[in-house]
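Asks:
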Amino acid sequence: MSTATPPSSKAGHSRPKAVAPAAANAAAASFAVLEAQIGYLNDADTEMVRKAYKFADEAHLGQMRKSGEPYITHPIAVAGLCTEWKLDAQALAAALLHDSMEDCGVTKIELIERFGSPVAELVDGLTKLDKLEFNTREENQAESFRKMLLAMARDVRVILIKLADRTHNMRTMSDMPRSKWGRIASETLEIYAPIAHRLGLNQIYRELQDLSFKHLLPWRYAVLTKAVSRARNRRRDLIQKVQADVESVFAQAKMDVRISGREKTLYSIYKKMDEKHLSFAQVTDIYGFRVIVPSVIDCYTALGWLHQIYKPVPGKFKDHIAIAKVNGYQSLHTTLVGPSGVNVEFQMRTEAMHLVAESGVAAHWLYKEHESASAQSERLGTQWLQSLLDIQTETRDAAEFWDHVKVDLFPDAVYVFTPKSQIMALPRGATVVDFAYAIHSRVGDHAMAARINGDQVPLRTELKNGDVIEVITAPVSAPNPAWLGFVRTGRARSKIRHHLKTMAQTESVELGEKLLTQSLRAEGIDKLPADDDTHQALWEKLLRFTGNRNRQDLLMDIGLGKRIATIVAKRLAALLSELGQKPDALLMTRERFTAHESISQGAITLDGSENASVVYSRCCRPLPGDDIVGYLGRGEGLAVHTRDCATARKLEYKDKERFIGVEWSDELTRNFETAINVTVVNGKGVLARVAGALASAETDIVHVDMGQESPQDTAELKFVVAVRDSAHLEQVLRHLKRTPAVIQAERQTNKGNAAA
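Just so it is clear: in the sequence shown, position 630 is 630 by full-length UniProt numbering, and no numbers are missing.
1) I need the straight-line Cα distance from alanine 185 to leucine 266, nearest angstrom please.
2) Strictly by DSSP, which residues pair up with asparagine 343?
3) Tell me whether tyrosine 653 sits in a helix, a strand or coil according to DSSP, three-state version.
4) Let me know the secondary structure DSSP gives leucine 426 once reduced to three states.
5) Can you tell me which of Thr749, Leu572, Asp57 puts its alpha carbon nearest to the alpha carbon of glycine 580?
6) When burial is assigned at 16 or more other CB atoms within 10 Å of the CB, is lysine 214 buried or exposed?
7) Can you find a C-beta in chain D that's less than 9 Å from the C-beta of methionine 48?
8) Tell me, which residues are paired with histidine 703 by DSSP?
9) Just confirm the distance between the C-beta atoms of phenylalanine 55 and leucine 122, as a whole number of angstroms; I'd bet it's less than 8 Å.
10) Would you mind giving the Cβ-Cβ distance between aspartate 434 and threonine 489, rounded to the nearest angstrom? I have them listed as a contact below 8 Å.
11) Within the same chain, show all residues whose beta-carbon is closer than 6 Å to that of residue 757, passing over the 5 residues directly before and after it, in chain order.
12) What's the call for histidine 703, buried or exposed, on a 16-neighbour Cβ count within 10 Å?
13) Taking the beta carbon of serine 14 as the centre, do at least 16 other beta carbons fall within 10 Å, making it buried, or is it exposed?
14) By Cβ distance, which residues of its chain are closer than 7 Å to threonine 739, with the 5 residues on each side in sequence left out?
15) Can you list, in chain order, the residues of its chain whose CB lies under 8 Å from that of valine 432, leaving out five sequence neighbours each side?
16) Can you check DSSP and say which residues form a bridge with residue 757?
17) Taking the alpha carbon of valine 678 as the reference point, which residue from Phe659, Glu746, Gln505 has its own alpha carbon closest?
18) My assumption, with CB atoms under 8 Å, is that glycine 625 sits in contact with alanine 727. Please give the rounded CB distance.
19) Compute the Euclidean distance between the alpha carbons of glycine 381 and valine 614, then round it to the nearest angstrom.
20) Can leucine 554 and arginine 563 be called in contact, C-beta distance under 9 Å?
21) Look at tryptophan 664 and leucine 587 and say whether their C-beta atoms are less than 9 Å apart.
22) Straight-line CA distance for alanine 52 to alanine 93?
23) Using three-state DSSP, classify leucine 41 as helix, strand or coil.
24) Between which two residues does the beta strand (DSSP E) holding glutamate 470 run?
25) Going by C-alpha distance, which of Phe346, Ile38, Asp45 is nearest phenylalanine 115?
26) Would you kindly report the start and end of the unbroken beta strand (DSSP E) that includes residue 834?
27) In this structure, does DSSP put leucine 217 in helix, strand or coil?
28) Can you list, in chain order, the residues of its chain whose CB lies under 8 Å from that of glutamate 657, leaving out five sequence neighbours each side?
29) Give every residue of the same chain whose Cβ lies closer than 6 Å to the Cβ of alanine 95, excluding the five residues on either side of it in the sequence, and list them in chain order.
30) Select from Leu34, Thr473, Asn465, Arg428 the residue whose C-alpha is nearest the C-alpha of histidine 440.
31) Does the beta-carbon of alanine 281 have 16 or more other beta-carbons within 10 angstroms, so that it is buried, or is it exposed?
32) Looking at leucine 278 and lysine 311, is the spacing between their C-beta atoms short of 9 Å?
33) Please name the residue, chosen from Arg442, Gly683, Lys684, Val723, that lies closest to aspartate 700 on a Cα-to-Cα basis.
34) Tell whether a beta-carbon distance below 9 Å holds between glycine 524 and alanine 585.
35) Checking the sheet assignment: what are the DSSP bridge partners for leucine 632?
36) CB of lysine 108 to nearest heavy atom of the ligand FMN: below 8 Å?
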């Protein structure tokens, strides 16, 4: 985000040749501070940063910030924040140059020539992020968010520099017009702070939250600041006593520890008060202590000593060392009852853990001499960044991508185990299916059943901390669309959708091939030309006519009803005749003569195994044995109706050419749903008797509706039941009519009135 006042050159005037001496001194002083912070770089890298500063200074010459300072002070401040994470010279150069492309007309090629491709790519990525506006309509926001997360996944330095940029702009927000405070602060709180938290950048996360709170709700921020200040003064003696007690016990134990106070942030106090409807006096965990120790074993030893001097609060102990948080955070937490009955929280961690706790993914640069980059990244749990790229390969739709990742941005994790005792972190509310996809996409795709702690459970079961989960797979199992209603992780959601889309496309291609073959027979051609070298030119001409990329796309469009098979068939027959293939007159006559019949040669055969490509319409709920027709909806696949369905008759009147022949197979693979109306004498237990009659007729009840009417002598019950065919339905209706209290039982149709 840029808060620059544009130089006069942008208005068509020449850029000023010089700036005020005071401004120049301010800029030079700023860089002198930065130069003192980059002592960890070697001479060549230091020279690169100096060169980037000079280039940025010239590029921004004449530009001023809203505060009246030279604009160059902003890139210097951003680079200064990056030095706190010990980022490399390329990142610092990009931080200094991050506004040069957008504000000063510098090209990417120019940056490549001067600073190399990596720096130019970082600046380019940041420039694209700066153009993002998050207060737009939802789909634009989703697209912007997708670009930002993907830039971050390709090179995490992009988002680190962006977070530093946003932090400095939030620190200097008071210089900006008040009208912009709400939008920028909301955007920071809703998008940038959660990303900082997800990457383990807790210091930046807390600061961005507090700065957003300050500019979104300035009055509440001011009141809370005063309340915390008063409480700090009141409890100073208590805090000093606790610190003296703790220092004394560790001195006695001869442990080398570093103790520091920790105060809850204003925003987290406000959020706790708001969510739990508490007064300020009721928030008891405002103050705490952090104990930094030399080794992991010392963390547990320190915990033991603390429990000797103060009693622990039951249920308030958390071991984030044995089970790290998903963003890499590790620490022991315990809450103790201190003097005067005041609760005080203690956190025990090593120096390395403290580094990760404050800097998260940025700790890689602070700590990289001790670990390889991949090991550090894995240890911090930043494989989430890679999973963004995995989701992107399967999800081209921006809103869908945003839907997949937004849950992962706010993780409140549960920790579960595989049968081999490997620990896994998943968002709270995650189910067995989420767990299966977290292990491997093949395990998720073929999940059939599961056991939790040895007990058989449904796949939708929510996981709890400490559960041991075993997923049972079968080669014939496939993802169910109903899973999308309960999965919580972006990975599981994207994998399920990708599989369902692929399956739907495959079925649509098969249906399209059947339809085109059927239409081609009506033109006197027995079968489709093969997809081989001999017919390549023919298919290319047909694809130019239809506008499809390849043969599969064309067949899929026909299967989805986006193209009419008869028109494509006529064109294909004409192209074949150019190659000398004459139509079979006998075949053409037979096909056209029987085209008006419901069962014609080459009709689509239905057995119930069709999934996404065929829909059995809910308006008439066709059953095997019914006379049926097929309507090829635009982009919706094949819809099957009964021939006397009122909806089908209306569609036939408007779109006759979209109707095709369909017939039932002799071998059916499943039961089919239909609706029945049952009129009963109202009385105690009548629903149970009707349900019993349906069960004894070997039918399953899918849904029952008893209506909302007040109690009367009679009542109408509406059932959706699953039966084998229309003959089975007749048996069910006869069985119901023989049941005491049943006055009438009939199938619900779409002919305008019910027929028995």
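We put the CB at the ideal spot given by N, CA and C, even for glycine. The model shown is predicted, which means the values in this text are computed figures rather than measured ones.
Replies: So, from the listed chains and residues:
1) As a working mapping, residue 185 is identified with position 185 in the sequence shown. As a working mapping, residue 266 is identified with position 266 in the sequence shown. Cα to Cα, alanine 185 sits roughly 15 Å from leucine 266.
2) Sequence index remark: in the sequence shown, residue 343 carries index 343 (1-based). Answer by DSSP bridge pairing, in chain order: Val337.
3) Here residue 653 corresponds to residue number 653 of the sequence shown, with the count starting at 1. DSSP places tyrosine 653 in helix when its eight states are reduced to three.
4) In the sequence shown, the residue the question calls residue 426 occupies position 426. Collapsing the DSSP output to three states places leucine 426 in a strand.
5) Residue mapping note: residue 580 aligns to position 580 of the sequence shown, counting from 1. Of Thr749, Leu572, Asp57, the residue nearest in Cα terms is Leu572.
6) Here residue 214 refers to the residue found at position 214 when the sequence shown is read from its first residue. Buried is the call here.
7) Here chain D cannot be found, since the structure has a single protein chain.
8) Here the question's residue 703 lines up with position 703 in the sequence shown. Paired residue(s): Val720.
9) Taking the sequence shown and counting its residues from 1, one reaches residue 55 at position 55. Taking the sequence shown and counting its residues from 1, one reaches residue 122 at position 122. In fact, because the Cβ distance is near 14 Å, the residues do not count as touching under 8 Å.
10) As a position in the sequence shown, residue 434 is number 434, starting the count at 1. As a position in the sequence shown, residue 489 is number 489, starting the count at 1. The Cβ separation is near 5 Å, so the contact holds.
11) What the structure shows of the chain is the stretch from 1 to 756, and residue 757 is not part of that stretch, so it cannot be assessed.
12) Numbered from its first residue, the sequence shown carries residue 703 at position 703. So histidine 703 counts as exposed.
13) In the sequence shown, the residue the question calls residue 14 occupies position 14. Note that serine 14 has pLDDT 36, beneath the 50 cutoff, so the model's placement of it is unreliable and the number below is only indicative. Result: exposed.
14) As a working mapping, residue 739 is identified with position 739 in the sequence shown. Cβ neighbours of threonine 739 beyond the five flanking positions: Arg689, Val690, Ala693.
15) The residue you call residue 432 lines up with position 432 of the sequence shown. Cβ within range, chain order: Ala447, Ala450, Ile452, Val457, Pro458, Leu459, Arg460, Thr461, Leu463, Ile469, Val471.
16) Residue 757 falls outside the range modelled here, since the chain spans only 1 to 756, and no answer is possible.
17) Translated into positions along the sequence shown, residue 678 becomes position 678. Of the candidates Phe659, Glu746, Gln505, the one whose C-alpha sits nearest the C-alpha of valine 678 is Glu746.
18) In the sequence shown, the residue the question calls residue 625 occupies position 625. In the sequence shown, the residue the question calls residue 727 occupies position 727. Right, the Cβ-Cβ distance comes to about 6 Å (below 8 Å), so this counts as a contact.
19) Along the sequence shown, one-based indexing puts residue 381 at 381. Along the sequence shown, one-based indexing puts residue 614 at 614. With a pLDDT of 41 at glycine 381, under the threshold of 50, the modelled position of this residue cannot be trusted; read the value that follows with caution. Approximately 43 Å, taken between the alpha carbons.
20) As a working mapping, residue 554 is identified with position 554 in the sequence shown. As a working mapping, residue 563 is identified with position 563 in the sequence shown. Yes, Cβ-Cβ distance for leucine 554 and arginine 563 is below 9 Å.
21) For this step, residue 664 is matched to residue 664 along the sequence shown. For this step, residue 587 is matched to residue 587 along the sequence shown. No.
22) Residue numbering aside, residue 52 sits at position 52 when the sequence shown is read from its first letter. Residue numbering aside, residue 93 sits at position 93 when the sequence shown is read from its first letter. If you take the alpha carbons of alanine 52 and alanine 93, they lie about 5 Å apart.
23) By 1-based counting over the sequence shown, the position of residue 41 is 41. Residue state, collapsed to three classes: coil.
24) The residue you call residue 470 lines up with position 470 of the sequence shown. From DSSP, the beta strand (DSSP E) with glutamate 470 extends over 469 to 473.
25) Within the sequence shown, the letter at position 115 stands for residue 115. The shortest Cα separation from phenylalanine 115 among Phe346, Ile38, Asp45 belongs to Asp45.
26) Because the chain is modelled from 1 through 756, residue 834 falls outside the range shown and cannot be assessed.
27) The residue labelled residue 217 in the question sits at position 217 within the sequence shown. DSSP places leucine 217 in coil when its eight states are reduced to three.
28) For the purposes of this step, residue 657 is identified with residue 657 of the sequence shown, where counting begins at 1. Only Ile564, Thr566 meet the Cβ criterion.
29) Residue numbering aside, residue 95 sits at position 95 when the sequence shown is read from its first letter. Excluding residues within five positions, the ones whose Cβ falls inside 6 Å are Val78, Ala79, Cys82, Ile161.
30) On the sequence shown, residue 440 is found 440 positions in, with the first residue counted as 1. Considering only alpha carbons, the answer is Thr473.
31) Translated into the one-based positions of the sequence shown, residue 281 becomes position 281. Answer is exposed; the Cβ neighbour count stays below 16.
32) One-based indexing of the sequence shown puts residue 311 at position 311. One-based indexing of the sequence shown puts residue 278 at position 278. Not a contact, by the Cβ cut-off of 9 Å.
33) Along the sequence shown, one-based indexing puts residue 700 at 700. The shortest C-alpha separation from aspartate 700 is found at Val723.
34) Indexing the sequence shown from 1 puts residue 524 at position 524. Indexing the sequence shown from 1 puts residue 585 at position 585. In contact: glycine 524 and alanine 585 (Cβ atoms closer than 9 Å).
35) What you label residue 632 is simply residue 632 of the sequence shown in a count that begins at 1. BP columns for leucine 632 point to Leu638.
36) Absent from the structure shown: the ligand FMN. Ligands present: none.
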